[in-house]
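Chemist: In the working numbering, the protein residues as written are 52 to 466. For glycine and all other residues, C-beta sits at the position ideal for the given N, C-alpha and C.
#1: Residue 93 lies in the alpha helix (DSSP H); which residues open and close that run?
#2: How about residue 421 and residue 277: are their beta carbons less than 8 Å apart?
#3: Would DSSP call residue 185 helix, strand or coil?
#4: Taking the beta carbon of residue 204 as the centre, do at least 16 other beta carbons fall within 10 Å, making it buried, or is it exposed?
#5: Between the Cα of residue 186 and those of 243, 238 and 400, spot the shortest distance and give me the residue it belongs to.
#6: Could you check what DSSP says for residue 54 in three-state terms: helix, strand or coil?
#7: CB residue 350 to CB residue 290, shorter than 8 Å?
#8: Would you say residue 248 and residue 178 are within 8 Å of each other, going by their C-beta atoms?
#9: Is it right to say residue 457 is buried, meaning 16 or more other beta carbons lie within 10 angstroms of its own, or is it exposed?
#10: Flag this pair as touching only if the segment 388-403 and the segment 442-462 have three or more C-beta atom pairs under 8 Å; answer yes or no.
#11: Which same chain residues end up closer than 7 Å to residue 65 when comparing Cβ atoms and leaving out the 5 residues on each side of it in sequence?
#12: Taking three-plus beta-carbon pairs below 8 Å as touching, is the segment 55-74 in contact with the segment 125-139?
#13: Using 8 Å as the Cβ pair cut-off and three pairs as the minimum, do the segment 256-268 and the segment 351-371 touch?
#14: Alpha carbon to alpha carbon, how far is residue 135 from residue 141? Give it in angstroms, no decimals.
#15: Taking C-alpha atoms, which residue in 183, 221, 58 and 202 lies nearest to residue 113?
#16: Taking just the CA atoms, how far does residue 292 sit from residue 269?
#17: Can you tell which of 307, 162, 156 and 207 has the C-alpha that lies nearest to the C-alpha of residue 176?
#18: Three-state secondary structure (DSSP) at residue 453?
#19: Hey, quick one: how far does the beta strand (DSSP E) through residue 79 stretch, first residue to last?
#20: Could you spell out where the alpha helix (DSSP H) holding residue 162 opens and where it closes?
#21: For residue 369, which residues does DSSP report across the bridge?
#22: Indicate whether residue 61 and residue 96 have their beta-carbon atoms separated by less than 8 Å.
#23: Nearest-angstrom Cα distance between residue 405 and residue 111?
#24: Closer than 7 Å to a non-hydrogen atom of the ligand COA - does that hold for the CB of residue 250?
#25: Quick test of your reading: residue 102 and residue 75, contact by CB under 8 Å. State the CB separation rounded to the nearest angstrom.
#26: Any idea what DSSP makes of residue 250, helix, strand or coil?
#27: Would you mind stating whether residue 382 and residue 427 have Cβ atoms separated by less than 8 Å?
#28: Go through its chain and collect everything with a Cβ distance to residue 253's Cβ below 6 Å, but skip five positions before and after it.
#29: Throw me the rounded Cβ distance for the residue 379 and residue 433 pair, which I believe falls under 8 Å.
#30: DSSP three-state call for residue 227: helix, strand or coil?
#31: May I ask you to list the residues that DSSP assigns as paired with residue 255?
#32: If you count every other CB in all the chains shown that lies within 10 Å of the CB of residue 206, and 16 or more means buried, which is it?
#33: Applying the criterion that 16 or more other CB atoms from any shown protein chain within 10 Å of the CB defines a buried residue, is residue 356 buried or exposed?
#34: So is residue 169 buried or exposed if we call it buried at 16+ other beta carbons inside 10 Å?
#35: Please report the residue range of the beta strand (DSSP E) in which residue 381 lies.
#36: Going by DSSP in three states, residue 219 sits in which element: helix, strand or coil?
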């Protein structure tokens, strides 16, 4: 008799899913390209790990799954990585597993296709243009004569996204895109990119699940962004309760209905412009990124990764969606260029809560800039009865932390 397994393809959470699934009785087989960081102690908990840089190639991916079918009884296949969503949804449709419609998955992953579909379905969008050369971008920048947001068409989180005003900034963003594509072995598309009008305003997101019985709204999150040109997120409150909460949920339900979002977890980011207009920034068929699973677990007293695995296996989401607490995340980024280290040894924190501090810079190393969420130095997660208590706890933690920066002055004429 074959062993029944859950197949996780490329974690977006450093393999924390493997730990949480294993601890609740799941046997996990893990497929990864090896391009992104996974914690070795959690990889060791999987019954099998297949690591290969060819994992993004359809033929190779299908071959690996075919071999697994011969060894195991596969209960479900899912991914928490943006890059693997199209391949996984195609496989699941072909084999009859629960997952999102692959055509919709492809539309959501391609930022230009998504903007076009938004317009067709009557959603407000900023002015945008797909560009295939720097010269095309220069033309659009000149015609718009305002700030534009540069986006890879199929990027990951905030990587490669930046606000541009000048031709020089456009060229820098384009060069960064080429480097990103090289780093990901061509997975990040570099032959085209999206430019769209910059809309200043407040950022929100909505997390929800769609199963075969209906929609389950987990909650709305408000977000604090760092200073442009990079769009890195430095603060979250979940679930957020404010005057914007209901409009965000209403717009989410419109999205589900008009796009016919049929299955799985989903994360929608919004911006509410200064005129009160709500725009969808992007949609990801997964929940918000690491370490935000902790916010859901703490606020709702659930194991969200186990609930997701059960959803893909049974077609039904059964976890609690009523929050009894509030959880927050504060992320600290390099304040300047230099060698930076952080001392948090005196802090008492634990992933079990109510305070969890992750120090990403325990030893001095060089930081040149902040370009994406991958540049985080420190993550402070708190949980309490109210958002005020969460923020006060986070502030008390930050006041007790020592940040050491070693840098040298520069002559401005030589920079």
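Modeler: Result, derived from the coordinates:
#1: Locating residue 93 in the chain shown gives position 42, counting from the first residue. Segment 91-94, the alpha helix (DSSP H) holding residue 93.
#2: Here residue 421 refers to the residue found at position 370 when the chain shown is read from its first residue. Here residue 277 refers to the residue found at position 226 when the chain shown is read from its first residue. In this structure, residue 277 lies closer than 8 Å to residue 421 by Cβ.
#3: The residue you call residue 185 lines up with position 134 of the chain shown. Three-state result, residue 185: helix.
#4: Taking the first residue of the chain shown as position 1, residue 204 is located at position 153. With 16 or more Cβ atoms within 10 Å of its Cβ, residue 204 is classed as buried.
#5: Numbered from its first residue, the chain shown carries residue 186 at position 135. Each of 243, 238 and 400 was checked against the Cα of residue 186, and the nearest Cα belongs to 243.
#6: Looking up residue 54 in the chain shown gives position 3. Reduced to three states, the DSSP call for residue 54 is strand.
#7: As a first step, residue 350 must be located in the chain shown, where it is residue number 299. As a first step, residue 290 must be located in the chain shown, where it is residue number 239. Cβ atoms of residue 350 and residue 290: closer than 8 Å.
#8: On the chain shown, residue 248 is found 197 positions in, with the first residue counted as 1. On the chain shown, residue 178 is found 127 positions in, with the first residue counted as 1. With respect to the 8 Å criterion, residue 248 and residue 178 are classified as neighbours on the basis of their beta carbons.
#9: Along the chain shown, read from residue 1 onward, the residue named residue 457 stands at position 406. Flag for residue 457 reads exposed.
#10: yes
#11: As a first step, residue 65 is located in the chain shown; it is residue number 14 there, counting from the start. So the qualifying residues of the chain are 88, 89, 90 and 341.
#12: The segment 55-74 vs the segment 125-139: in contact.
#13: yes
#14: In the chain shown, residue 141 corresponds to position 90, counting from 1. In the chain shown, residue 135 corresponds to position 84, counting from 1. Cα to Cα, residue 141 sits roughly 10 Å from residue 135.
#15: The residue labelled residue 113 in the question sits at position 62 within the chain shown. That would be 58, whose Cα lies nearest to the Cα of residue 113.
#16: The sequence position of residue 269 within the chain shown is 218, counting from 1. The sequence position of residue 292 within the chain shown is 241, counting from 1. Whole-angstrom Cα-Cα distance: 12 Å.
#17: Your numbering for residue 176 matches position 125 in the chain shown. Answer by Cα proximity: 162.
#18: Reading the chain shown from its first residue, position 402 is the one you call residue 453. Residue 453: strand per DSSP, three-state reduction.
#19: By 1-based counting over the chain shown, the position of residue 79 is 28. Looking at the DSSP string, the run of the beta strand (DSSP E) that includes residue 79 is 79-83.
#20: Taking the chain shown and counting its residues from 1, the one referred to as residue 162 is at position 111. Note, residue 162: alpha helix (DSSP H), 162-171.
#21: What you label residue 369 is simply residue 318 of the chain shown in a count that begins at 1. Residue 369 is not bridged to any residue.
#22: Against the chain shown, residue 61 aligns to sequence position 10. Against the chain shown, residue 96 aligns to sequence position 45. No, they are not a contact pair.
#23: Your numbering for residue 405 matches position 354 in the chain shown. Your numbering for residue 111 matches position 60 in the chain shown. Approximately 43 Å between the Cα atoms of the pair.
#24: Ligands are entirely absent from the displayed structure, and the ligand COA is therefore not among its contents.
#25: The sequence position of residue 102 within the chain shown is 51, counting from 1. The sequence position of residue 75 within the chain shown is 24, counting from 1. That belief does not hold up - the Cβ atoms of residue 102 and residue 75 are roughly 24 Å apart, past 8 Å.
#26: Locating residue 250 in the chain shown gives position 199, counting from the first residue. It is coil, neither helix nor strand.
#27: Numbered from 1 along the chain shown, position 331 holds the residue referred to as residue 382. Numbered from 1 along the chain shown, position 376 holds the residue referred to as residue 427. Cβ distance < 8 Å, so residue 382 and residue 427 count as in contact.
#28: Working through the chain shown from its first residue, we reach residue 253 at position 202. Cβ neighbours of residue 253 beyond the five flanking positions: 323.
#29: To locate residue 379, count along the chain shown from 1; it is residue 328. To locate residue 433, count along the chain shown from 1; it is residue 382. At roughly 5 Å, the Cβ-Cβ gap stays under 8 Å, so residue 379 and residue 433 are in contact.
#30: Here the question's residue 227 lines up with position 176 in the chain shown. In the structure shown, residue 227 sits in a helix (DSSP, three-state: H, G or I).
#31: Position 204 of the chain shown, counted from the first residue, corresponds to residue 255. Beta-bridge pairing links residue 255 to 273 and 321.
#32: Mapped onto the chain shown, residue 206 falls at position 155. Classification of residue 206: buried, given that the 10 Å Cβ count is 16 or more.
#33: Position 305 of the chain shown, counted from the first residue, corresponds to residue 356. Residue 356 should be labelled buried.
#34: Along the chain shown, read from residue 1 onward, the residue named residue 169 stands at position 118. Residue 169 comes out buried.
#35: Taking the chain shown and counting its residues from 1, one reaches residue 381 at position 330. Residue 381 -> beta strand (DSSP E) spans 377-383.
#36: Within the chain shown, numbered from 1, the residue matching residue 219 stands at position 168. Looking at residue 219 - three-state DSSP - the assignment turns out to be helix.
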